[in-house]
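Here the protein sequences come in this chain order: A and B. Under my numbering, the first residue of the first sequence carries the number 1237, and numbering increases by one thereafter. Under my numbering, the first residue of the second sequence carries the number 27, and numbering increases by one thereafter. C-beta atoms are modelled at their ideal positions from N, C-alpha and C, and glycine is treated no differently.
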Amino acid sequence: MWSKVKNFFSISDSIYGVITTLPGLIALVALIIYPVFYNIFVSFQKYEFGSMDKFIGLQNYVSVVTGSDFLIGWRVSGIYSLGTAGLALFVGLILAHALKRINVARGFFRTLIIIPWAVPAILSGIMWKWIFGKSLGVVNYVLSSLGLIESNVGFLSQGALALTVAIIATAYIHIPFITILVHAGLQTIPEDLYESASIDGADEFQKFWYITLPLNKFQMIFAFIIVWMFSFRTPDVVFSLTGGGPGKATYHAGLYLKDEIYHFLDYGQGAAIGVLLALSVIIIVTPVVLYTIRGGRS
Amino acid sequence: MSLLKATIRWIRETADKIISWRGTPYIILVSFSAVLLFPIYWTLNTSFKVSNEIKAWPPSFIPQSFTIENYVEALRFSPIGQNILNSLIYAGSATAFVVVIGVLTTYGFTIYDYKWDNKVAFGFLATRLIPPQALWLPFIIFYSRMGLANSRGGVVIFLIVLNYPLAVWMLRGTFEAFPKELIDSAKVDGASRLQTLLRVVLPVVAPGVGAVSIITFLWSWNEFMFPFLFLNSPGKYPVTVGIYHFIGDLGTKWGPLTASGMLIMLPGIIFFIFAQRYIVEGLAEGAVD
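Next comes the structure, spelled out in structure tokens:
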């Protein structure tokens, strides 16, 4: 009996492959692809306060793009994301190289370095807000005991400083990822390349420039673009750190999207912002990722 | 001109000496680790101070008035305890679903080749490029139409959406490293494909699956904005939303706030410390954040 049932259900390997993939694929289409298209559909509708009225073409896009918040949001996100990815890559490179060169306690340091990875973005904002606080912040205390400042600095009440702190608080949670990725890349470079370079009299900078960089270029670009993408679209750190302020100095594109949905209940415009955010990310990230994947293979 | 060149050369040689000195990497690692751990230390430090000491200037680097009052207050007078339970449920359910379906999906297209399998795999990667932020709105609309507004299920579904593509992409790396000969010999031994998965494949890829589970759990645990937008009863908030409301509700009482912060960071930190090898390997194989 059992063998008959078994025979009935016997199928080829490739069909089995299709069948096992199917539930996941359906979930992907139903839960991601369909909502994306639905969002595009909503972006062409007049849809306020929970009622969808009518098709209005590109009107939502026109209102969004001509409004001042769009420029502010995209500008803030742009600077913030480039700053974050740049800072995280810079620190990540230093740490990855340092990790590569030690023999004692490598696992110990690697463990310490990856800990910030586990910190929720929302909490990173809260912690750094406390550290950079004006009247009780420890940074102000350290700077004034060193004699560098005369009175406490309101880091989060001045536009450029607040954006800088936001970049630090965000780079903080991404440094472990970049360090690990670059470190993994460094280990694929054969040691004798460096040895023969040393024999030829190359110094550390030359070794980095002529050996590490060309051979590790793709990992670095890839790590950079991933952190860039996350920072450009995710407003969580900024939200808990400054709430977009002072004024709108740290008004991240994601906060603009959140406000349109949550405070102004304008779903049509919210959808348009969502589409624009997705397009901005995809247009920039796709070519870079394809380039690094192709480069990484050859 | 030659003086300038000589100076530059001297700077460069000195810098080279400093960098190539054996002790330098250790100094760098010690100082950078200190900076990276400082925010967590500072949060911990504040969480053990009484409120007068928190408001004192200069701030003390070690609590002079050691107390666990802030933890008691956080757990007793705020819903943070309930929030922790909620987060466990949300992140746990999402992880269970993502890992079971993810393993099945990945097993299908990596081990049993079919015509479009690479395109399917690439489809999972491509959806990673869609910002989750662009999904907030459609999901809020769907949920309100389907009667899922302000529901726990709604949170779990969104967490699955967030993590599923990454999980599959990471698992793919692990499964593709699996030696196919073992599949063939299991087949010769008469094992069914499901038995092959459970008894032959899973034991080998277990570290990778473990890493994916931990990462999915943590990313779900850390998710903030969607539950913030979507839920409106504090009894259903996950920890991240709970702690955010802590700021407003109490006029930023840093004592209980930092105590709650420690409570919500701790599971992640412990996971990362104990499973870091597998997480690192899993991510290196998936090569995607």
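Report yes if the CB atom of residue 1367/A is closer than 8 Å to the CB atom of residue 1361/A, and no otherwise. For the purposes of this step, residue 1367/A is taken as the residue at position 131 of the first sequence. For the purposes of this step, residue 1361/A is taken as the residue at position 125 of the first sequence. Residue 1361/A sits away from residue 1367/A, with the two beta carbons spaced by 8 Å or more.
Is residue 57/B helix, strand or coil when you go by DSSP? As a position in the second sequence, residue 57/B is number 31, starting the count at 1. Helix, per DSSP.
According to DSSP, simplified to helix, strand and coil, what is residue 1326/A? On the first sequence, position 90 is the one that residue 1326/A refers to. In the three-state reduction of the DSSP assignment, residue 1326/A falls in the helix class, which pools H, G and I.
What is the residue span of the alpha helix (DSSP H) that residue 246/B lies within? The sequence position of residue 246/B within the second sequence is 220, counting from 1. Taken as a continuous stretch (DSSP letters only), the alpha helix (DSSP H) holding residue 246/B covers 228–248.
Considering only their Cβ atoms, is the gap separating residue 235/B from residue 125/B smaller than 8 Å? Along the second sequence, read from residue 1 onward, the residue named residue 125/B stands at position 99. Along the second sequence, read from residue 1 onward, the residue named residue 235/B stands at position 209. Less than 8 Å separates the beta-carbon of residue 125/B from that of residue 235/B.
With 16 other CB atoms within 10 Å as the buried threshold, where does residue 1316/A fall? As a position in the first sequence, residue 1316/A is number 80, starting the count at 1. The residue in question, residue 1316/A, is buried, as its Cβ has 16 or more Cβ neighbours within 10 Å.
Other residues of its chain near residue 69/B: CB distance less than 7 Å, five sequence neighbours each side excluded: On the second sequence, position 43 is the one that residue 69/B refers to. Excluding the 5 residues flanking it on each side, residue 69/B has same chain C-beta neighbours closer than 7 Å at 284, 287 and 288, in chain order.
If you draw a straight line from the alpha carbon of residue 118/B to that of residue 245/B, how long is it in whole angstroms? Translated into the one-based positions of the second sequence, residue 118/B becomes position 92. Translated into the one-based positions of the second sequence, residue 245/B becomes position 219. Going by the C-alpha atoms only, they are around 11 Å apart.
Are the CB atoms of residue 1414/A and residue 1350/A within a distance shorter than 8 Å? As a working mapping, residue 1350/A is identified with position 114 in the first sequence. As a working mapping, residue 1414/A is identified with position 178 in the first sequence. The answer is no: Cβ separation not under 8 Å.
Whose Cβ in chain A lies nearer than 8 Å to the Cβ of residue 81/B? Locating residue 81/B in the second sequence gives position 55, counting from the first residue. Those within 8 Å of residue 81/B in chain A are 1372.
Ranges of the alpha helix (DSSP H) found wholly within the segment 49–107 of chain B, counting only runs of at least 4: With a minimum length of 4 residues, the continuous alpha helix (DSSP H) runs that stay inside the segment 49–107 of chain B are 50–73, 77–80 and 95–103.
Taking 8 Å as the cut-off, decide whether the C-beta atoms of residue 1468/A and residue 1517/A are in contact. Translated into the one-based positions of the first sequence, residue 1468/A becomes position 232. Translated into the one-based positions of the first sequence, residue 1517/A becomes position 281. Yes; because the gap between Cβ atoms is below 8 Å, this pair is in contact.
In whole angstroms, what separates the C-alpha of residue 1443/A from that of residue 185/B? For the purposes of this step, residue 1443/A is identified with residue 207 of the first sequence, where counting begins at 1. For the purposes of this step, residue 185/B is identified with residue 159 of the second sequence, where counting begins at 1. One Cα belongs to residue 1443/A, the other to residue 185/B, and the distance between them is close to 44 Å.
Verify the CB distance criterion: does residue 215/B have a CB-CB separation below 8 Å to chain A? The residue labelled residue 215/B in the question sits at position 189 within the second sequence. Between residue 215/B and chain A, the shortest Cβ-Cβ separation is not below 8 Å.
What does residue 190/B reach in chain A if we use C-beta pairs closer than 9 Å? On the second sequence, residue 190/B is found 164 positions in, with the first residue counted as 1. At a C-beta separation below 9 Å, residue 190/B has these neighbours in chain A: 1260, 1263, 1264, 1267 and 1268.
Should residue 1334/A and residue 55/B be called a contact, given that it needs their Cβ atoms to be closer than 8 Å? Position 98 of the first sequence, counted from the first residue, corresponds to residue 1334/A. Position 29 of the second sequence, counted from the first residue, corresponds to residue 55/B. The answer is yes: Cβ separation under 8 Å.
Nearest to residue 1539/A by CA position, among 138/B, 161/B and 103/B, is which residue? Because chain A here runs from 1237 to 1534, residue 1539/A falls outside it and cannot be looked at.
Anticipated Cβ contact below 8 Å, residue 1357/A with residue 1485/A, distance rounded: To locate residue 1357/A, count along the first sequence from 1; it is residue 121. To locate residue 1485/A, count along the first sequence from 1; it is residue 249. Between residue 1357/A and residue 1485/A, the beta carbon gap of about 19 Å keeps them out of contact (Cβ cut-off 8 Å).
Quick one: using the 10 Å Cβ neighbour count with 16 as the cut-off for buried, is residue 1423/A buried or exposed? On the first sequence, position 187 is the one that residue 1423/A refers to. Answer is exposed; the Cβ neighbour count stays below 16.
Kindly indicate which three-state DSSP category residue 279/B falls into: helix, strand or coil? Locating residue 279/B in the second sequence gives position 253, counting from the first residue. Coil at residue 279/B, not helix or strand.
Would you kindly work out how many angstroms separate the C-alpha atoms of residue 1287/A and residue 171/B, rounded to a whole number? Within the first sequence, numbered from 1, the residue matching residue 1287/A stands at position 51. Within the second sequence, numbered from 1, the residue matching residue 171/B stands at position 145. Separation of residue 1287/A and residue 171/B (C-alpha to C-alpha, rounded to the nearest whole angstrom) is 12 Å.
Distance, residue 138/B Cα to residue 1543/A Cα: This structure does not reach residue 1543/A, given that chain A is present from 1237 up to 1534, and the question cannot be answered.
Determine whether the beta carbon atoms of residue 152/B and residue 135/B lie at a separation below 8 Å. What you label residue 152/B is simply residue 126 of the second sequence in a count that begins at 1. What you label residue 135/B is simply residue 109 of the second sequence in a count that begins at 1. With contacts defined by Cβ atoms closer than 8 Å, residue 152/B and residue 135/B do not form a contacting pair.
Counting only runs of 4+ residues fully inside the segment 1301–1345 of chain A, write out the alpha helix (DSSP H) ranges in chain order. Fully enclosed alpha helix (DSSP H) runs of 4 or longer: 1304–1337.
Partner residues on chain A for residue 42/B, Cβ-Cβ distance less than 8 Å: Mapped onto the second sequence, residue 42/B falls at position 16. Within chain A, the residues near residue 42/B are 1439, 1440 and 1441.
Excluding five sequence neighbours on each side, which residues of the same chain lie with their C-beta closer than 6 Å to the C-beta of residue 183/B? Within the second sequence, residue 183/B is the residue found at index 157, counting from 1. Around residue 183/B: no qualifying Cβ.
Report yes or no: is there a C-beta of chain B within less than 8 Å of the C-beta of residue 1311/A? Numbered from its first residue, the first sequence carries residue 1311/A at position 75. When Cβ-Cβ separations below 8 Å define contact, residue 1311/A makes no contact with chain B.
In this structure, how does DSSP classify residue 1283/A when only helix, strand and coil are distinguished? Taking the first sequence and counting its residues from 1, one reaches residue 1283/A at position 47. It is a strand residue.
Distance, residue 194/B Cα to residue 9/B Cα: The structure shown has nothing for residue 9/B, since chain B only spans 27 to 315.
By alpha-carbon positions, which one of 1340/A, 1285/A and 1439/A ends up nearest to residue 1503/A? The count along the first sequence starts at 1 and reaches residue 1503/A at position 267. Residue 1503/A has its Cα closest to that of 1285/A, out of 1340/A, 1285/A and 1439/A.
Show which residues of chain D have a CB atom less than 8 Å away from the CB atom of residue 1347/A. The chain inventory of the structure shown lacks chain D, comprising the protein chains A and B.
Return the CA-CA distance between residue 36/B and residue 1429/A, expressed in angstroms with no decimal places. Looking up residue 36/B in the second sequence gives position 10. Looking up residue 1429/A in the first sequence gives position 193. Computed Cα separation, rounded: 26 Å.
Counting only C-beta atoms, is residue 1275/A closer than 8 Å to chain B at any point? For the purposes of this step, residue 1275/A is taken as residue 39 along the first sequence, with counting starting at 1. Closer than 8 Å: yes.
Would residue 1419/A be called buried (16 or more neighbouring beta carbons within 10 Å of its own) or exposed? As a position in the first sequence, residue 1419/A is number 183, starting the count at 1. Counting Cβ neighbours within 10 Å, residue 1419/A comes out buried, since at least 16 surround it.
For residue 248/B, return the contacting residues in chain A, with the cut-off set at a CB-CB distance below 7 Å. The residue you call residue 248/B lines up with position 222 of the second sequence. Proximity of chain A to residue 248/B at the Cβ level (cut-off 7 Å) is accounted for by 1356 and 1357, in chain order.
Distance, residue 40/B Cα to residue 31/B Cα: Within the second sequence, residue 31/B is the residue found at index 5, counting from 1. Within the second sequence, residue 40/B is the residue found at index 14, counting from 1. Each residue's Cα considered, the two are about 14 Å apart.
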